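Quick notes on the structure that follows.
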Amino acid sequence: MLMLENSLANTPQATDAWINHHDSSSADFSKNKKHDWQGKPYHPISRHYRECFGTKVFKVSVSVAETCPNREGLNGSKICSFCDEWGSAAYHLERDKPLSEQIKINREAIRKRYRAERFLVYFQAYTNTLGKVQKLQDWFDAALMEKDVVGIVLGTRPDCLPSRVLKLFQEYAERTYLSIELGIQTLDDDQLDFLSRGHDSQCSLDAIDKLKEIPGLNVCAHLIFGIPGETDEQLIETARVLSAKKIDGVKLHNLHVLQGTPLEQIFSKGDFAPLSLEEYTRKVALFLEYLDPSVAVHRLAAVASRWNELLAPEWNREKMRPMQFIEDYMRNNQMFQGRLS
């Protein structure tokens, strides 16, 4: 695993204490009382949005990008082992609709369900920074013209951030709320190879540094837990590294198996077993205890957007149960984000 040097070295005593015997009776829970996290044992993204905008804000997912460097075979890359043909799109059936229509359809559905008033347009699927910068600028301008849209969220890869894209980010970060969700997935190079990501951990760290140099830009790291070879020590170090990098947010996913993905073949051969909800919960709680409390948590676990494609684990068919399970586990064990940071 590629780690930051010197000040981020593991503390064996802290790691051993956690792994061998988590003694919650010795915790300093007074540290959590100063945080207004809406009763949660972690810093929810909803709290961050309320601090920024003074009200609830909801993401409106859209799909406009059509591919990624791995699907294009750039640099000899293979398709990511976990990615289906829709490139993680939540609303894949709307990809053929104009951007403005996608925004309106999804915005009004969210408005009706949650009585929402403010929205962020989320460019989610595939790699949104792979094409021409002018196209990206056109997408941004079109999104910001829509009613009640207060900002933009964009997903991309660490290896798709050329200088011209960074310059565009700087321009828009000066005039609106702009958040970049960066798919680093893991900081372990062997695990990145298992996922067939096509980049290494140094690329991810460099990308974070470049993005954090842009004033006002919000940076969120996507992480996947449950990759073969993953250890508790790695999760702890990842939390420490991201905290030291002053990352603004994290979005956590468990590695799950979808039909038609390279991971399906590995799973069918018996060479991969997804985490149980109980083990995943333990890993999330461990990670969060070492994560700086200023980091907003966007998501606690993955949710299968297309149930008919999900092969395993079954608990990925639900959204609220895993989230509640993790929260209850942390409360019952008197754990909270940043306690050991």
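Converting from the sequence shown to the working numbering requires adding 145 to each position, the first position being numbered 1.
Yeah, the Cβ is synthetic: ideal placement off N, Cα and C, and Gly gets one too.
Everything numeric in this text was worked out from a predicted model, so none of it was measured.
Using beta-carbon positions only, say whether residue i and residue j come within less than 8 angstroms of one another.
{"i": "Ile-353", "j": "Lys-390", "result": "yes"}
{"i": "Val-508", "j": "Pro-189", "result": "In this structure the chain extends from 146 to 486, so residue 508 is not present and cannot be described."}
{"i": "Ser-388", "j": "Asp-437", "result": "yes"}
{"i": "Pro-419", "j": "Pro-373", "result": "no"}
{"i": "Leu-455", "j": "Arg-466", "result": "no"}
{"i": "Gln-336", "j": "Glu-378", "result": "no"}
For residue i and residue j, what's the separation of their Cα atoms in angstroms?
{"i": "Ile-355", "j": "Glu-316", "result": "The residue asked about is misnamed: residue 355 is Lys in this sequence, not Ile. Using only the alpha carbons, I get a separation of about 15 angstroms."}
{"i": "Val-294", "j": "Leu-340", "result": "35 angstroms"}
{"i": "Val-488", "j": "Met-290", "result": "There is no way to answer for residue 488, as the model of the chain reaches only from 146 to 486."}
{"i": "Pro-186", "j": "Glu-472", "result": "7 angstroms"}
{"i": "Ala-488", "j": "Leu-485", "result": "A query on residue 488 cannot be resolved here, the shown segment of the chain reaching from 146 to 486 and no further."}
{"i": "Ile-381", "j": "His-398", "result": "16 angstroms"}
{"i": "Phe-412", "j": "Val-386", "result": "31 angstroms"}
{"i": "Leu-403", "j": "Pro-303", "result": "24 angstroms"}
{"i": "Gly-371", "j": "Glu-253", "result": "36 angstroms"}
{"i": "Val-395", "j": "Cys-365", "result": "5 angstroms"}
{"i": "Tyr-435", "j": "Pro-243", "result": "43 angstroms"}
{"i": "Gly-483", "j": "Lys-201", "result": "24 angstroms"}
{"i": "Leu-265", "j": "Ser-450", "result": "20 angstroms"}
{"i": "Gln-247", "j": "Thr-321", "result": "21 angstroms"}
Based on Cα-Cα distance, which residue from the options lies nearest to residue i?
{"i": "Trp-452", "options": "Ala-446, Leu-445, Trp-460", "result": "Trp-460"}
{"i": "Gly-300", "options": "Glu-423, Lys-312, Phe-417, Val-209", "result": "Val-209"}
{"i": "Gly-296", "options": "Asp-304, Lys-280, Phe-268, Lys-312", "result": "Phe-268"}
{"i": "Glu-319", "options": "Glu-378, Ser-450, Gly-361", "result": "Gly-361"}
{"i": "Ile-250", "options": "Leu-420, Cys-197, Gln-469, Lys-204", "result": "Lys-204"}
{"i": "Leu-332", "options": "Asp-351, Thr-321, Arg-258", "result": "Asp-351"}
{"i": "His-367", "options": "Tyr-259, Trp-284, Arg-444, Lys-312", "result": "Arg-444"}
{"i": "Asp-283", "options": "Leu-400, Leu-265, Leu-313", "result": "Leu-313"}
{"i": "Gly-328", "options": "Asp-335, Tyr-322, Cys-348", "result": "Cys-348"}
{"i": "Cys-305", "options": "Ala-447, Asp-416, Leu-400, Arg-342", "result": "Arg-342"}
For a test of the three-state rule: what should DSSP assign to residue i, helix, strand or coil?
{"i": "Pro-303", "result": "coil"}
{"i": "Val-440", "result": "coil"}
{"i": "Lys-257", "result": "helix"}
{"i": "Val-448", "result": "coil"}
{"i": "Glu-326", "result": "strand"}
{"i": "Arg-263", "result": "strand"}
{"i": "Ile-369", "result": "strand"}
{"i": "Ile-297", "result": "strand"}
{"i": "Pro-458", "result": "coil"}
{"i": "His-193", "result": "helix"}
{"i": "Met-468", "result": "helix"}
{"i": "Leu-397", "result": "strand"}
In or out: residue i buried (at least 16 other Cβ within 10 Å) or exposed?
{"i": "Glu-217", "result": "Model confidence at Glu-217 stands at a pLDDT of 47, short of 50, so the residue's coordinates are unreliable and nothing is read from them."}
{"i": "Thr-383", "result": "buried"}
{"i": "Ser-324", "result": "buried"}
{"i": "Asp-241", "result": "exposed"}
{"i": "Val-278", "result": "exposed"}
{"i": "Phe-481", "result": "buried"}
{"i": "Glu-326", "result": "buried"}
{"i": "Ser-245", "result": "exposed"}
{"i": "Asp-487", "result": "Within the shown structure, residues of the chain are numbered from 146 to 486, placing residue 487 beyond reach of any answer."}
{"i": "Met-475", "result": "buried"}
{"i": "Asn-477", "result": "exposed"}
{"i": "Tyr-259", "result": "exposed"}
Tell me whether residue i counts as near the ligand COA, meaning its Cβ is closer than 7 angstroms to at least one heavy atom of that ligand.
{"i": "Lys-242", "result": "No copy of the ligand COA appears in this structure; indeed no ligand is present at all."}
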